[in-house]
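Enquirer:
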Amino acid sequence: MATMLKGAYQYEGKTYFGQNMHADEEGKMNKCQDCHDVHALEPKVESCETCHDTTDPLAIRESDVDYDGDGDVTEGIKGEVDTLAEALYAQMQNYAAANGGANRIQPRRLPVLLLVLTVANPMQRWTPPPAPGGLQLSI
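Numbering-wise, the sequence shown is residues 18 to 156 according to the numbering used here.
See below:
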C-alpha cells in the first residue's frame, strides 16, 4: 500500500501508515512543526507534555509492548528502536559475510553497500537484499 510520505524503503505486500500518524485525536499536534523545529528538526521538548507525561523525548512510551524482546517495558521507545537497529545491523553483517561480501553500511548514514572487489570477488557476486535494510537503518 502506498503512503503519502515515502521516507524509507517499503517492502512489497506490507501495509504502511501515512503521514501524521503520531497526531493526537483532537488535532492539537498534527503537523511536523508542532513537535519539531522547522530548521533543525530537533524535537521541541516543551511540547511533549501536551500529549505525554514527560518533556524527555527519550523517555516517551505509549505502550507496554516489548518490541525489541529485551524484557524492558519501561524504557522509552527510542531504546526499543535502538535495540532493533542494532539487531538489523548485525543481521546485515551476517548476510554479507555469508554471501562473500563486506557490508560497509554505516548506521545513521545514507546506505552504501560495497563489496571488496578482487579477481576472486568480482561484481557479479554483489547481492542486493541488505540494501533496503540499510536504508531503514539510516533513517
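Glycine included, each C-beta is placed from N, C-alpha and C at the ideal position.
1. Would you decide whether Ala114 is buried or exposed? Buried here means 16 or more other CB atoms lie within 10 Å of its CB.
2. For His73, which option in Lys61, Val82 and Asn116 has the closest C-alpha, if you only look at C-alpha atoms?
3. Which two residues bound the contiguous alpha helix (DSSP H) that contains Ile94?
4. Ile103: buried (16+ other C-beta within 10 angstroms of its C-beta) or exposed?
5. Among all the DSSP beta bridges, which residues are the ones paired with His15?
Expert: Result, derived from the coordinates:
1. Locating residue 114 in the sequence shown gives position 97, counting from the first residue. When all chains shown are included, Ala114 counts as exposed.
2. Within the sequence shown, the letter at position 56 stands for residue 73. Reading off the sequence, residue 73 comes out as Asp, not His. Measuring from the Cα of Asp73, the nearest candidate turns out to be Lys61.
3. Working through the sequence shown from its first residue, we reach residue 94 at position 77. Per DSSP, Ile94 belongs to the alpha helix (DSSP H) from Ile94 to Ala115.
4. Position 86 of the sequence shown holds residue 103. The question names Ile, but residue 103 in the sequence shown is Glu. The residue in question, Glu103, is exposed, as its Cβ has fewer than 16 Cβ neighbours within 10 Å.
5. With the chain running from 18 to 156 in the structure shown, residue 15 is simply not present.
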